[in-house]
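So our numbering is basically just the index in the sequence shown, starting at one, shifted up by 1489.
No residue lacks a Cβ here, since even glycine has one placed at the ideal position from N, Cα and C.
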Amino acid sequence: MIIYNVTCNVVLEAEKKWLDWIDLELNELSKSQKITATTILKLDNNTPSEVAIYALQYYISDQNTLQEFLKTEDQSLKKQIKTQFGDAVLHFSSQLEIIKEY
1490 MIIYNVTCNV
1500 VLEAEKKWLD
1510 WIDLELNELS
1520 KSQKITATTI
1530 LKLDNNTPSE
1540 VAIYALQYYI
1550 SDQNTLQEFL
1560 KTEDQSLKKQ
1570 IKTQFGDAVL
1580 HFSSQLEIIK
1590 EY
């Protein structure tokens, strides 16, 4: 199982609008077996307090499905975020693989 993680820094002024918007958008995605949206309560760095940090985690079954997801849904969602929110929402992505569950 692969977890595709998108961490989003959202300025507080846009947070409510972004949360409402992303909730609708995530319901439209089809390639993931499961999607979770989490907020980061504490991050050990110098992140300014005027942003909220969220992590969107897509649980994807295999590399082929991930590659298709990256070409379609992921690019589309990131383009829409840029169009809707500009620099009010900045994001970066990482790919994780579950190697063992406890």
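Distance between Glu1557 and Ile1588, taken at the CA atoms: about 22 Å. Beta bridge pairing from DSSP links Lys1560 with no other residue. Shown here, Asn1553 sits in a helix according to DSSP, grouped into three states. Taking C-beta atoms as the reference points, Leu1579 and Asn1516 fail to come closer than 8 Å. Here Lys1589 carries a coil assignment [DSSP, helix/strand/coil]. Apart from the 5 residues on each side of it in sequence, Val1540 sits with its Cβ closer than 8 Å to the Cβ of Asn1498, Val1499, Val1500 and Leu1501 in its chain, given in chain order.
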